[in-house]
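Structure first, then comments.
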Amino acid sequence: MDAFISRKRRRESPHPPPQAECPAPPAEQEEESTDIKLAMLSSLHPGRSQDDLLEVLLSCDGSVDAAIEALSAGHKDVPPPPLKRRLTATPGMQSALPFKSGSKSPSKTAAVQPLTRKGKTLHLYTPEDIANHTPCSTIHNFLPPYLANALLEELLAEVPTYESIEFRIFENVVKSPHTACFYVDSLADVQRQRSEYYYNGNDLGDIRQLLPVMRQVSDLVRDAVNKEIDIRIRDFYPDGKKLKYQSPEPWQPNAAFVNCYDGGAQHVGYHSDQLSYLGPRPIIGSLSLGVAREFRVRKIVPKDDPTEADSTSTTPAADISGQIAIHLPHNSLLVMHAEMQEEWKHSIAPALNITPHPVAGNKRVNITYRWYREEFRPKYTPKCKCGLPAVLKTVQKQKVNRGRYMWMCQVGSKPGGGAGCGHFEWAQFTDDGVPAGWKAVADKDNLQAETAQARKAVADEIKL
Ligand SMILES: O=C(O)CCC(=O)C(=O)O
Ligand SMILES: [Fe+2]
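Under this note's numbering, residues -10 to 453 are what the sequence shown spells out, in order.
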């Protein structure tokens, strides 16, 4: 979630880093910006419901200009949009897979036919198909039903207080068309978030402690995700080894973003999650409750080589031009594995039809459990000249530097924040994804704290 706050970087940065990721090609911006388009229409027509606006947008083939025109021309009765693309997220309408799903992992399969084609969506439902053709694995009916309902109810009591998140696109501040909230393990983590962490140039404001059921479930998610990581490494990664920069430590969630999508129009556009505080090759455990929706994934196309199948990915079967829809029913756990954030984008697609859930009504509540790593605490990572922690990004589209990491100024994407300082430096990590030199920094820090403590103890003793 943290990334869709900031995923749109200013294109007119005064000091573009010489080798940084290039702006997204128009097609990608087009596809990524449904939320922004809806937010723009919403700000012009605050009285119209998101469903109405979505319908107008769809009937205008996604063109904001045409939609604005149609709305201003007083087309109050919006004609039903031609169903040019599948929007329903209701499971049970499985489109046949154009292949026989086997047990072989894509990375170990010599010649796998592309599954999707440009502009097409392949719908996947079974854990086997999902694991074989995307960087995700899923467990349906993850929690005992009573616990899933207890968690859902705990969160439904909170969601009325959630807010939509503002982000900046060029000079406009727009709101994400869904609501969200951030939870951390302990009170100390709340304080730490308030004093050290920034998202899109701002602190988050509303930071809460994990609720009791969320906390209980966090342990179950941790154990399941660690098992899934082992399976992924064993069955899908070259030589059965973890990826370069992936942490070898057991995954230890200590924070959670909760997203609420109230009705089919609420959604989130294509994005990758921010790496800054999770480190490279992060893993995320995502639990879905309530209304079933489509989680879509799409491989990032290298800008200067759209024909390239892949160099590092473990999932060559997915055609880089198409998208894959993963159907997430109530009580399903989805693990985004280590290859996900750097090489793929994900979204929650708008849905014209949803099947209400007996407890949640029209709402889908999603919890993404995350591991905020100590070595990526902002006090240890680079700062830019604006004085804020730099953000960690990876080159995704430029073939020559693809896969390299960089620290950059985040002020340029802060609502009202100006251009920022344009800070840029390449990031260096050990093979286990630890920032080069981190241990030394941390040790020095601890030494200073210990020295201060020792001095205080001596001073106290003298006073006595
Ligand atoms: O709602 C979801 O399943 C995805 C949410 C998401 O992408 C995020 O929190 O970053
Ligand atoms: Fe995300």
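Think of the CB as a built atom: it goes at the ideal place given N, C-alpha and C, for glycine as much as any other residue.
Just so you know, these numbers come straight off a predicted model, no measurement behind them.
{"Check": "Within 8 Å, strictly: CB atoms of D174 and N243", "Outcome": "yes"}
{"Check": "For E332 and S302, the rounded distance between their alpha carbons", "Outcome": "With a pLDDT of 44 at S302, under the threshold of 50, the modelled position of this residue cannot be trusted, and the question is left open."}
{"Check": "Backbone secondary structure at K97 - three-state DSSP", "Outcome": "Unreliable positioning characterises K97 in this predicted model, as indicated by a pLDDT of 41, which lies under 50. A coordinate reading is not provided."}
{"Check": "Nearest-angstrom Cβ-Cβ length linking L381 and L193, presumed shorter than 8 Å", "Outcome": "No, L381 and L193 are not in contact; Cβ-Cβ is about 18 Å, not under 8 Å."}
{"Check": "Proximity below 8 Å, CB of S277 to CB of H319", "Outcome": "yes"}
{"Check": "CB of G311 within 8 Å of CB of K109, strictly", "Outcome": "yes"}
{"Check": "Three-pair Cβ contact test at 8 Å for the region 225 to 236 versus the region 382 to 389", "Outcome": "no"}
{"Check": "Distance between D212 and D178 (C-alpha atoms, nearest Å)", "Outcome": "22 Å"}
{"Check": "V210 versus N130 - alpha carbon distance", "Outcome": "13 Å"}
{"Check": "Any non-hydrogen atom of ligand 2 closer than 7 Å to D219 Cβ", "Outcome": "no"}
{"Check": "Where the alpha helix (DSSP H) containing I315 begins and where it ends", "Outcome": "Segment Q312 to L317 is the beta strand (DSSP E) holding I315; no alpha helix (DSSP H) there."}
{"Check": "Local Cβ density within 10 Å of W396, reported as buried at 16 or more and exposed below that", "Outcome": "buried"}
{"Check": "Bridge partner(s) assigned by DSSP for Q198", "Outcome": "V173"}
{"Check": "7 Å Cβ shell around I119 - same chain, five flanking residues per side excluded", "Outcome": "L113, C125, S126, T127 and I315"}
{"Check": "Endpoints, alpha helix (DSSP H) assigned at A137", "Outcome": "P134 to L145"}
{"Check": "Coarse secondary structure for E283, derived from DSSP in three states", "Outcome": "strand"}
{"Check": "Cβ neighbour criterion (16 or more within 10 Å) applied to A340", "Outcome": "buried"}
{"Check": "Three-state secondary structure (DSSP) of E414", "Outcome": "strand"}
{"Check": "Expected contact under 8 Å - CB spacing of V286 and L145 to nearest Å", "Outcome": "Not quite, the Cβ-Cβ distance comes to about 27 Å (not below 8 Å), so this is no contact."}
{"Check": "Status (buried if at least 16 other CB within 10 Å, exposed otherwise) for G426", "Outcome": "exposed"}
{"Check": "C-alpha distance - R181 paired with P367, whole-angstrom precision", "Outcome": "10 Å"}
{"Check": "Environment of Y226 [buried if 16+ CB atoms lie within 10 Å]", "Outcome": "buried"}
{"Check": "CA-to-CA distance, I196 to S184, given in whole angstroms", "Outcome": "12 Å"}
{"Check": "Cβ-based neighbour list, Y151, same chain, cut-off 7 Å, excluding 5 preceding and 5 following", "Outcome": "T168, A169, C170 and C249"}
{"Check": "Backbone secondary structure at N121 - three-state DSSP", "Outcome": "helix"}
{"Check": "Ordered list of beta strand (DSSP E) runs contained in the region 226 to 258, each at least 3 residues", "Outcome": "244 to 251"}
{"Check": "Backbone CA spacing between P69 and I337 [nearest angstrom]", "Outcome": "Note on P69: pLDDT 37, under 50, position unreliable in the model; the coordinate value appears next. Approximately 22 Å, taken between the alpha carbons."}
{"Check": "Boundaries (first-last residue) of the beta strand (DSSP E) holding W396", "Outcome": "Y394 to M397"}
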